[in-house]
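As structure tokens, the structure follows; a few thoughts come after it.
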Amino acid sequence: MSSLSEYALRMTRLSARLFGEVARPTDSKSMKVVKLFSEQPLAKKKETYDWYPNHNTYFGLMGTLRFLGLCSGSKYRESTFILKNQKCKYKKEKGKKKVIYNLTTKIKLL
Numbered sequence: 016m017s018s019l020s021e022y023a024l025r026m027t028r029l030s031a032r033l034f035g036e037v038a039r040p041t042d043s044k045s046m047k048v049v050k051l052f053s054e055q056p057l058a059k060k061k062e063t064y065d066w067y068p069n070h071n072t073y074f075g076l077m078g079t080l081r082f083l084g085l086c087s088g089s090k091y092r093e094s095t096f097i098l099k100n101q102k103c104k105y106k107k108e109k110g111k112k113k114v115i116y117n118l119t120t121k122i123k124l125l
């Protein structure tokens, strides 16, 4: 009695289906598909949805640091304020504008 009875075959197939295994013998190509579908979906993988940092938190922290004067921001921001300040100075020299922007406090000075 080397072969299993029909009842035993059906029970092994049922247990394989219950526990997520392959119910019948399959070839290697089909096993690749089975492995592919048995993995967790791409949208539920932590590497996918946790790829970028929490920008809202970092934005709030950087705003607080800038408000307290501990962080002046990026070089782009500094150069932008320097250019604005120079433009305002040139306009003031021409007599067109009376407001100058301050680089550190970002408040209009008269």
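Going by my numbering, the sequence shown opens with residue 16, and the numbers climb by one from there.
From the three backbone atoms N, C-alpha and C, an ideal C-beta is built for every residue, glycine too.
Would you give the residue range spanned by the alpha helix (DSSP H) that residue i belongs to?
{"i": "Ala-31", "result": "21-33"}
{"i": "Lys-61", "result": "61-64"}
{"i": "Ser-45", "result": "43-53"}
{"i": "Tyr-73", "result": "70-83"}
Output the distance between the C-alpha atoms of residue i and residue j, rounded to the nearest integer angstrom.
{"i": "Ala-38", "j": "Ser-45", "result": "12 Å"}
{"i": "Tyr-67", "j": "Phe-74", "result": "14 Å"}
{"i": "Ser-43", "j": "Gly-35", "result": "17 Å"}
{"i": "Thr-95", "j": "His-70", "result": "22 Å"}
{"i": "Thr-27", "j": "Leu-19", "result": "10 Å"}
{"i": "Leu-57", "j": "Leu-51", "result": "11 Å"}
{"i": "Leu-125", "j": "Lys-111", "result": "At Leu-125, the pLDDT of 48 sits below 50, so the modelled position is not reliable; the number obtained from the coordinates is stated separately. For Leu-125 and Lys-111, the distance between alpha carbons rounds to 13 Å."}
{"i": "Lys-24", "j": "Ser-30", "result": "Looking at the sequence shown, residue 24 is not Lys but Leu. If I take the Cα positions, the gap works out to 10 Å."}
{"i": "Lys-104", "j": "Gly-78", "result": "27 Å"}
{"i": "Lys-61", "j": "Phe-82", "result": "34 Å"}
{"i": "Glu-54", "j": "Thr-72", "result": "32 Å"}
Can you tell me whether residue i sits near the ligand ADP, meaning its C-beta is under 7 Å from at least one heavy atom of the ligand?
{"i": "Leu-80", "result": "What this structure holds is no ligand at all, so the ligand ADP is not there to describe."}
Please return the same chain residues whose Cβ sits closer than 8 Å to the Cβ of residue i, not counting the five positions on each side in sequence.
{"i": "Val-10", "result": "Residue 10 is absent from the model: the chain starts at 16 and stops at 125."}
{"i": "Lys-102", "result": "none"}
Closer than 6 Å by C-beta to residue i: which residues in its own chain qualify, once you throw out the five before and the five after it? Chain order, please.
{"i": "Arg-32", "result": "Ala-38"}
{"i": "Lys-107", "result": "none"}
{"i": "Lys-109", "result": "none"}
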